[in-house]
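This report concerns only the one structure given below.
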Amino acid sequence: MAIEHDFFGLLESGPDGSIFWSENVEFGDQSVTVDLTAPDQDDVSVEALDVAASMVSSLESIDLAARNAMVDELDSRTSEVTEYVLQQQAALGDQLDDLLTDVSGDTHIDVIKALQLMSMTILADEHGGADPFAVLEYALDPDDTDDVLLVNLASDGRVQSVTSAD
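If you're matching positions, the sequence shown starts at 1 in the numbering used here and goes up one per residue.
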């Protein structure tokens with residue numbers, strides 16, 4: 001079986017009923033890998049695909065909301081964002097400045113600005129549920145994808161949480 005959608009085209013299911021779509025989307029001066037997946041195509045509605053298409057099309061505003069959520073997390077010394085920045089400072093030392101796009105003197109903000117959006121994974125079967133519908137993966141150094149921050153989004157585009165990959 002297959003699902004046809006105006007944005008994603010023909011989404012054919014694998015032998016186990018799962019669907020997968022992947023595309024590199026130009027975002028600013030970088031390319032972001034966008035994956036859409038679901039373990040069972042029967043759990044994917046046209047409305048979920050419409051929401052997913054809207055998210056891909058509005059990647060710039062979603063990125064801004066994700067970065068603002070990271071900034072909001074800086075208020076807590078125990079947040080994953082604060083821990084991530086401290087970890088990067090400890091690991092990179094003076095080399096951290098080489099990865100920053102803007103050095104304003106506020107290292108925490110500078111790190112958030114310098115993070116690169118590496119990928120967006122859309123879990124199409126989670127539309128309207130409590131689990132994340134989309135996960136954005138950010139890395140300071142694109143060659144070191146072990147140290148990443150993940151921003152989990154609900155299907156309405158609201159940021160649910162920011163976590164590290166650990």
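For glycine and all other residues, C-beta sits at the position ideal for the given N, C-alpha and C.
Straight-line spacing of the CA atoms in residue 124 and residue 21 works out to 11 Å. Residue 5 sits in a strand when the DSSP states are folded into three classes. DSSP, read as helix, strand or coil, puts residue 101 in coil. Rounded to whole angstroms, the separation of the alpha carbons of residue 141 and residue 92 is 11 Å.
If the five residues before and after residue 10 are omitted, its C-beta is found closer than 7 Å to the C-beta atoms of 2 and 4, all from its own chain and listed in chain order. With respect to the 8 Å criterion, residue 157 and residue 19 are not classified as neighbours on the basis of their beta carbons. Minimum Cα-Cα distance from residue 151 among the listed residues 64, 107, 38 and 15 corresponds to 64. Under the DSSP assignment, residue 46 falls in the alpha helix (DSSP H) whose first and last residues are 46–57. By the beta-carbon neighbour count (other beta carbons within 10 angstroms, threshold 16), residue 88 is buried.
Beyond the five residues adjoining it in sequence on each side, residue 114 comes within less than 8 Å, by CB distance, of 99, 100, 101, 102 and 140 in the same chain, given in chain order.
Taking the C-beta atoms as reference points, residue 116 is found no nearer than 8 Å to residue 84. In this structure, residue 59 lies away from residue 81, with their beta-carbon atoms at least 8 Å apart. Considering only 163, 159, 153 and 135, the residue with the shortest C-alpha distance to residue 34 is 135.
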